[in-house]
Every structure is written in C-alpha cells, then in structure tokens.
C-alpha cells in the first residue's frame, strides 16, 4: 500500500525530488516472495515504474542490503552439518 508522497528538494541540490514511501511489511513480503537468498546478507535491487498525473513516465531504482534473520535452531543445524562430515 502506497503512503502519501510529496515533491520537494529533499537533498537541497536545486532539483525537485519525488519521494514515495511504502508500508514496511508490504516491501518485506515482496522481497521475500521474489528473491532467493543464499546467505545471511544479500543485495536486492528494487525498481518502481509508473506515471505522473500528466502522463509523464517515471522510473527509479535503489539497491539495498538485506540482512536475513536466521533462527537459532537453523544455526545449530548448520553447525551440525559442518562437524558431521
């Protein structure tokens, strides 16, 4: 679900910026459903595309680093795999 957005000069460089915010749990679910994690720390690139009210297209992307939670039981199993070989 999209939260309210605003156009202003967020970084004070003289150019207007469009900041769009999303609900945290929705973004987390999207990342988990569409990414295959092979480690505890992964880079994920998020891309948004759309149109302004006047029909002008927009696209933006950002690469974020995701830290996956690993439960204690999973850590224990990994530890056991290492020493059972």
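Numbering (my numbering), first residue to last: 452 to 536.
For each residue, glycine too, the CB sits at the ideal point set by N, CA and C.
Segment contact: the region 512 to 520 against the region 485 to 496, three or more CB-CB distances shorter than 8 Å; contact assigned. Residue 470 and residue 458 have their C-alpha atoms roughly 6 Å apart. Under the three-state reduction of DSSP, residue 479 is assigned to helix. Under DSSP, residue 511 takes part in a beta bridge, and its partners are 499. Distance between residue 512 and residue 496, taken at the CA atoms: about 7 Å.
For residue 468, same chain residues with a beta-carbon under 8 Å away, outside a window of 5 residues either side, are 458, 459, 460, 461, 462 in chain order.
Across the structure, residue 500 and residue 456 are spaced so that their CA atoms are roughly 15 Å apart. Exclusion of the five residues before and after residue 503 leaves 509 as the residues of its chain whose Cβ lies within less than 7 Å of its Cβ. Excluding sequence positions up to five before and after residue 482, its CB lies within less than 7 Å of the CB of 495, 517, all in the same chain and listed in chain order.
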